[in-house]
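Residue numbers (our numbering): 73 to 584.
Laid out in structure tokens, this is it:
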């Protein structure tokens, strides 16, 4: 990790290259070396089960280092040691490359596998296919795992050819569909670049907007749920379901908003009818007129209600226009409210992910109760442990306080801190409010930097590098009227870019 931070911390990713159809990905970076020269470094990611490795390679193709060093005693075929020339793993010569092989040839090769399952025959025969993809092909071709490779009918072979041709086309055109597979609990089980149908309801397949969103959702959600399911499974499910419901509501509202985009057409229709009242009669079902809103005055047909008078038809269009105009403004307001609600739930997710005490979970339950997301929470009969903020001491002796949840964030920032104490928060990333108690003194730069590192660590970005953290005096921080717990706005701020450091943060902790 330190090696990658040293060489790639400020590098720029310029391209990604897959080695054929193999499970090898090369990430190529531009970086500045110790002499100030721009050089290309390659991070080779070899994803091969127990033989997986990550190897950093210099511009001359020599290995800088690797997660797993392999010497001659460990492998006589391929060594991976600093200073050696990087060589690709031995090619799987016994497998067919889907992009360079006729699908009919592949299917005939599969049929020769006799009593082997079709999915396993595919896995052993075709380069780069995963077990999930092989099962999907089998599901499409024969709908069951009971039919063996050598037992396929001609129709089933044709269906397998059809599916492989579809896969071939998607690979060539880069037209995959980012798909995440979810258990009923919401826990991510798997993901794919294809629509998945093999589970028939046992798992839910959800299409994502991008591969980045897919991977971020898969790993972030899986990690969060795994760590917290014993202590907070119900809360996590509530938050996930609520966020999903709100996201669906936003999507529906955005579709309604698109319908309002044509409202000017309604007004134009009303105007055109009104301008031609003199030549209209009651009972018409359509009006053909020149559209004076366009330069070439094209003829347009305007649908009419035969039961209404010409004037009433015009008023009907005007009324629909006003209705959609009002709806657009209301929908924009509702969408903004829903987005703010999702942002709030993200902050609760973040607090829950970092909770390590029962009292923290209790406080989060109470917050969700007060904001109406769960029924009134009374907890156990015994008085809960008083939850205090995390307390740190900077190298210069300044007290640094960190809120554990949204309610505590509000209390720290809006009630307990003084005007010239310093407030920190990760920029546009859910996290805790962090306060440096100035106590009437000038806060040294070292303390400001340590507080920024602490704020970054107590955020969703704790495992990231180069995290932007905004900071300003408490006087510049305000809470909008009616805003949910933890929500503030601020101005006249500065931004520090820091990398969270667990050991460094732990060394400054006083009470936690």
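Think of the CB as a built atom: it goes at the ideal place given N, C-alpha and C, for glycine as much as any other residue.
- Report the rounded CA-to-CA distance for residue 562 versus residue 549, giving the unit in angstroms. Counted from its first residue, the chain shown places residue 562 at position 490. Counted from its first residue, the chain shown places residue 549 at position 477. Taking the straight line joining both Cα atoms gives about 4 Å.
- Message: Within 10 Å of its beta-carbon, does residue 539 have 16 or more other beta-carbons around it, so buried, or fewer, so exposed?
- Response: Along the chain shown, one-based indexing puts residue 539 at 467. With 16 or more Cβ atoms within 10 Å of its Cβ, residue 539 is classed as buried.
- Mark residue 476 as exposed unless 16 or more other C-beta atoms lie within 10 angstroms of its C-beta, in which case mark it buried. Taking the first residue of the chain shown as 1, we reach residue 476 at position 404. With a threshold of 16 other beta carbon atoms within 10 Å, residue 476 meets it and is buried.
- Message: Between the alpha carbons of residue 341 and residue 534, how many angstroms are there, rounded?
- Response: Here residue 341 corresponds to residue number 269 of the chain shown, with the count starting at 1. Here residue 534 corresponds to residue number 462 of the chain shown, with the count starting at 1. Taking the straight line joining both Cα atoms gives about 57 Å.
- Between which two residues does the alpha helix (DSSP H) containing residue 205 stretch? Counted from its first residue, the chain shown places residue 205 at position 133. Run containing residue 205: 203 to 214, per the alpha helix (DSSP H) assignment.
- Query: What residues in its chain sit with their C-beta under 6 Å from that of residue 130, if we drop five residues either side in the sequence?
  - Reply: Working through the chain shown from its first residue, we reach residue 130 at position 58. The residues are 136.
- Going by DSSP, name the residue or residues bridged to residue 582. Counting from one through the chain shown, the residue named residue 582 turns up at place 510. Answer is none; residue 582 lacks a bridge partner.
- Start and end of the alpha helix (DSSP H) containing residue 433? What you label residue 433 is simply residue 361 of the chain shown in a count that begins at 1. 430 to 442 is the extent of the alpha helix (DSSP H) around residue 433.
- Boundaries (first-last residue) of the beta strand (DSSP E) holding residue 251: Taking the first residue of the chain shown as 1, we reach residue 251 at position 179. Per DSSP, residue 251 belongs to the beta strand (DSSP E) from 251 to 254.
- Query: Tell me which same chain residues have a C-beta within less than 7 Å of the C-beta of residue 417, skipping the five on either side of it?
  - Reply: Walking along the chain shown from the start, residue 417 turns up at place 345. Around residue 417, the same chain offers 311, 314 and 315 as residues with beta carbons nearer than 7 Å, after the five sequence neighbours per side are excluded.
- Local Cβ density within 10 Å of residue 511, reported as buried at 16 or more and exposed below that: Sequence index remark: in the chain shown, residue 511 carries index 439 (1-based). It is exposed - the Cβ of residue 511 has fewer than 16 other Cβ atoms within 10 Å.
- Task: Go ahead and label residue 531 buried or exposed: buried means 16 or more other beta carbons lie within 10 angstroms of its beta carbon, across all protein chains shown.
- Result: What you label residue 531 is simply residue 459 of the chain shown in a count that begins at 1. Counting the other Cβ atoms within 10 Å of the Cβ of residue 531 gives 16 or more, which makes it buried.
- Would you check if the distance between the CB atom of residue 163 and the CB atom of residue 222 is smaller than 8 Å? Position 91 of the chain shown, counted from the start, is the residue given in the question as residue 163. Position 150 of the chain shown, counted from the start, is the residue given in the question as residue 222. Result no, Cβ atoms of residue 163 and residue 222 do not sit closer than 8 Å.
- Query: Among the residues of its own chain, which have a CB less than 7 Å from the CB of residue 102, if the five just before and after it don't count?
  - Reply: Taking the first residue of the chain shown as position 1, residue 102 is located at position 30. In the same chain as residue 102, and ignoring 5 residues on each side of it, the C-beta atoms closer than 7 Å to its own belong to 83, 84, 86, 110 and 112, in chain order.
- Message: For residue 356, which residues in the same chain have their Cβ closer than 7 Å to its Cβ, ignoring the five residues on either side in sequence?
- Response: The count along the chain shown starts at 1 and reaches residue 356 at position 284. 376 and 378, listed in sequence order.
- Message: Please classify residue 437 as buried or exposed, where buried requires at least 16 neighbouring CB atoms within 10 angstroms.
- Response: In the chain shown, counting from the first residue as 1, residue 437 sits at position 365. So residue 437 ends up on the buried side.
- Continuous alpha helix (DSSP H) stretch holding residue 421: start and end: Start at 1 with the first residue of the chain shown, and residue 421 comes out as number 349. In the DSSP assignment, residue 421 falls within the alpha helix (DSSP H) that extends over 382 to 425.
- Message: Let me check understanding here. Comparing Cα to Cα, which of 100, 106, 336 and 139 lies closest to residue 119?
- Response: Residue mapping note: residue 119 aligns to position 47 of the chain shown, counting from 1. That would be 139, whose Cα lies nearest to the Cα of residue 119.
- Item | Nearest neighbour of residue 167, chosen from 121, 159 and 181 [CA to CA] | By 1-based counting over the chain shown, the position of residue 167 is 95. Of the candidates 121, 159 and 181, the residue whose Cα lies closest to the Cα of residue 167 is 181.
- Item | Cut-off 8 Å between Cβ atoms - residues of its own chain near residue 265, not counting five sequence neighbours on either side | Indexing the chain shown from 1 puts residue 265 at position 193. The beta carbon of residue 265 lies closer than 8 Å to those of 242, 248, 249, 250, 251 and 283 in the same chain, with the five residues before and after it left out.
- Message: Going by the DSSP bridge assignment, what does residue 90 pair with across the sheet?
- Response: By 1-based counting over the chain shown, the position of residue 90 is 18. Per the DSSP secondary-structure output, residue 90 pairs in a beta bridge with 97.
- Residue range of the alpha helix (DSSP H) that includes residue 245: If you number the chain shown from 1, residue 245 lands on position 173. Where residue 245 is concerned, the enclosing alpha helix (DSSP H) stretches over 226 to 245.
- Message: Quick check: residue 178 and residue 236, are their CB atoms within less than 8 Å of each other?
- Response: Here residue 178 is taken as the residue at index 106 of the chain shown, counted from 1. Here residue 236 is taken as the residue at index 164 of the chain shown, counted from 1. A contact, by the Cβ cut-off of 8 Å.
- Task: Using only alpha-carbon positions, find the residue among 288, 370 and 80 that is nearest to residue 361.
- Result: As a first step, residue 361 must be located in the chain shown, where it is residue number 289. The shortest CA-to-CA distance from residue 361 to any of 288, 370 and 80 is the one to 370.
- Query: Per DSSP, what kind of secondary structure is residue 259 in: helix, strand or coil?
  - Reply: On the chain shown, residue 259 is found 187 positions in, with the first residue counted as 1. In the structure shown, residue 259 sits in coil (DSSP, three-state: anything other than H, G, I, E or B).
- Message: Under 8 Å, with one C-beta from each stretch per pair, do the region 512 to 530 and the region 573 to 583 reach the 3-pair mark?
- Response: At 8 Å Cβ cutoff, the stretches touch.
- Task: Tell me whether the beta-carbon of residue 509 lies closer than 8 Å to the beta-carbon of residue 495.
- Result: Indexing the chain shown from 1 puts residue 509 at position 437. Indexing the chain shown from 1 puts residue 495 at position 423. Between residue 509 and residue 495, the CB-CB gap reaches or exceeds 8 Å.
- Quick one: grab the DSSP three-state call for residue 497. Looking up residue 497 in the chain shown gives position 425. In the three-state reduction of the DSSP assignment, residue 497 falls in the strand class, which pools E and B.
- Distance between residue 245 and residue 277 (C-alpha atoms, nearest Å): In the chain shown, the residue the question calls residue 277 occupies position 205. In the chain shown, the residue the question calls residue 245 occupies position 173. Cα atoms of residue 277 and residue 245: separation of roughly 22 Å, rounded to the nearest angstrom.
- Which residue comes first and which comes last in the beta strand (DSSP E) that contains residue 276? The residue you call residue 276 lines up with position 204 of the chain shown. The continuous beta strand (DSSP E) containing residue 276 extends over residues 276 to 279.
- Apply the 10 Å Cβ neighbour rule to residue 290 and answer buried if 16 or more other Cβ atoms are within range, or exposed otherwise. Position 218 of the chain shown, counting from 1, holds the residue named residue 290. When all chains shown are included, residue 290 counts as buried.
- Item | For residue 462 and residue 474, believed in contact at Cβ under 8 Å, the rounded distance | The count along the chain shown starts at 1 and reaches residue 474 at position 402. The count along the chain shown starts at 1 and reaches residue 462 at position 390. Right, their Cβ atoms sit about 4 Å apart.
- Smallest Cα separation from residue 374: which of 144, 367 and 388? Translated into positions along the chain shown, residue 374 becomes position 302. Among 144, 367 and 388, the Cα nearest to that of residue 374 belongs to 388.
- Would residue 117 pass as a contact of residue 171 if the rule is Cβ separation under 8 Å? One-based indexing of the chain shown puts residue 117 at position 45. One-based indexing of the chain shown puts residue 171 at position 99. No. Outside cutoff.
- Query: Nearest-angstrom Cα distance between residue 260 and residue 392?
  - Reply: Translated into the one-based positions of the chain shown, residue 260 becomes position 188. Translated into the one-based positions of the chain shown, residue 392 becomes position 320. Computed Cα separation, rounded: 45 Å.
- Item | Contact belief for residue 499 with residue 542 at Cβ below 8 Å, rounded distance in angstroms | Against the chain shown, residue 499 aligns to sequence position 427. Against the chain shown, residue 542 aligns to sequence position 470. Contact between residue 499 and residue 542 holds, with the beta-carbon distance rounding to 5 Å and staying under 8 Å.
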